[in-house]
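Working notes for the structure below.
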Amino acid sequence: MAEQPHAEGGASPKHETLMEKLADKLHVGGKDGSSSDSDNDERPRPSAPPAPAAEVKPSFSDSAATAAAKAKVFRLFGREQPIHKALGGGKPADVFLWRNRNISAGVLGGATAIWILFELLGYHLLTFACHGLIFSLGVLFLWSNASSFINKSPPRVPEVIIPEDLVVNIALSTRYEINRAFANLRQIALGKDIKKFLMVIAGLWLLSVLGSCCNFLTLVYIVFVVLHTVPVLYEKYEDQIDSYGEKGWVEIKKQYAVFDEKVLSKVPRGPAKDKKQ
């Protein structure tokens with residue numbers, strides 16, 4: 059009978075030990091679950107694909123800066139337009155720039171033939187015009203009378219009529235250019251622009267030298283050949299010519315500044331405004 063309490067007392071620790079083991083297992087499982095959840099939370103997730111980069115459009119400031127940079131490029135004679143527009147555009151500019159080689163070559167060849175005919179062969183303009191008219195009228199007259207005998211249609215002579223609008227426009231344009239030239243000459247004569255005065259004097263002196271070396275027809279032919287060669291070469295090598303022209307223009311400005319300081323500044327100038335009488 060004395061051993062029963064000992065047995066009961068020995069069973070209770072075993073029972074507590076079993077319960078503690080179950081509790082520990084449950085607690086450990088909870089920790090594992092929580093740790094697994096946390097591991098799942100901490101596991102790196104795949105990131106979303108990057109959004110496509112938006113196209114970068116040039117802003118207004120960039121375009122303005124580009125335009126300003128282009129405007130700063132030195133051009134001969136302060137030219138701001140393409141060489142085609144500077145020559146007036148249209149068909150004359152196309153001929154000078156050899157847009158159609160056949161037409162340009164034909165025009166230059168015709169001018170060369172006229173220069174050879176009048177300058178080298180000594181033919182005169184009035185004589186040439188009269189002989190040309192005699193030959194043309196004789197051929198047309200004989201053809202018209204002989205057409206009835208040879209059973210052929212008579213020649214179709216076109217009726218030439220000069221339109222009034224064309225003559226008026228040419229007269230108005232000529233009048234405007236002459237008036238503008240007279241106005242510029244008047245301003246130069248009044249002594250208001252010494253720089254323009256020197257440029258005009260230099261140009262007239264150069265023309266006088268050329269006139270003493272050749273006659274008027276040869277001078278016109280030289281100008282015609284220059285118009286057919288210089289613009290097309292300038293358009294082809296525009297950047298190189300402008301770079302050399304910029305260097306030369308800077309040097310000319312330096313020399314002009316020295317000349318202005320030593321000579322032109324001491325020359326008395328006319329009144330700034332015309333006196334009203």
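FYI, this note's numbering numbers position 24 of the sequence shown as 82, with every residue one higher than the one before it.
The beta carbon of each residue, even a glycine, is placed where N, CA and C say it ideally should be.
Start and end residues, alpha helix (DSSP H) containing residue i
| i | result |
| --- | --- |
| Q245 | E222 to A247 |
| R159 | R159 to W173 |
| L200 | L183 to A204 |
| G269 | I252 to C271 |
| V299 | Residue 299 is actually Ile in this sequence, not Val. Where I299 is concerned, the enclosing alpha helix (DSSP H) stretches over E296 to K320. |
| I141 | I141 to A144 |
| K324 | Neither: K324 is in no alpha helix (DSSP H) and is coded neither H nor E. |
| P213 | From DSSP, P213 is part of no alpha helix (DSSP H); its letter is neither H nor E. |
| G148 | G148 to F154 |
Within 9 Å, strictly: CB atoms of residue i and residue j
| i | j | result |
| --- | --- | --- |
| S202 | P216 | no |
| Y314 | K254 | no |
| F243 | V258 | Correcting the residue type first, residue 243 is Leu in the shown sequence and not Phe. Yes. |
| N237 | E177 | no |
| F186 | L200 | no |
| E296 | I141 | yes |
| L256 | L268 | no |
| R133 | D300 | yes |
| V165 | H286 | yes |
| W173 | L275 | yes |
Residue i, buried or exposed, once every other Cβ within 10 Å from all chains shown has been counted against 16
| i | result |
| --- | --- |
| W263 | exposed |
| D99 | Caution applies to D99, whose pLDDT of 46 falls short of 50 and renders its modelled position unreliable; the value that the coordinates give is listed next. Exposed. |
| A111 | Because the pLDDT of A111 is 47, which lies under 50, any placement of that residue in the model is unreliable, and the number read from its coordinates should be weighed accordingly. It is exposed - the Cβ of A111 has fewer than 16 other Cβ atoms within 10 Å. |
| G87 | A caution first: G87 carries a pLDDT of 46, below 50, which makes its placement in the model unreliable, though a value can still be read off. G87 is exposed by the Cβ-count criterion. |
| A127 | Note that A127 has pLDDT 48, beneath the 50 cutoff, so the model's placement of it is unreliable and no number is given. |
| V316 | exposed |
| P116 | In this prediction, P116 has a pLDDT of 49, which is less than 50 and means its spatial position is unreliable; what the coordinates show is noted afterwards. Answer is exposed; the Cβ neighbour count stays below 16. |
| A163 | exposed |
| K324 | exposed |
| K320 | exposed |
CB contact check: residue i to chain B, cutoff 9 Å
| i | result |
| --- | --- |
| P212 | Annotation note: the requested chain B is absent from the structure, which comprises a single protein chain. |
Residue i CB to nearest heavy atom of the ligand SAH below 8 Å
| i | result |
| --- | --- |
| D152 | By its list of ligands, the structure shown contains no ligand whatsoever, and the ligand SAH lies outside what it can speak to. |
Legend entry - At least 3 beta-carbon pairs within less than 8 Å: the region 270-288 vs the region 169-184: The region 169-184 and the region 270-288 touch, with three or more beta-carbon pairs separated by less than 8 Å.
Inset, instruction - Check whether the region 287-300 touches the region 154-163, taking contact to mean three or more Cβ pairs, one atom from each stretch, closer than 8 Å. - result: Verdict: yes, contact present.
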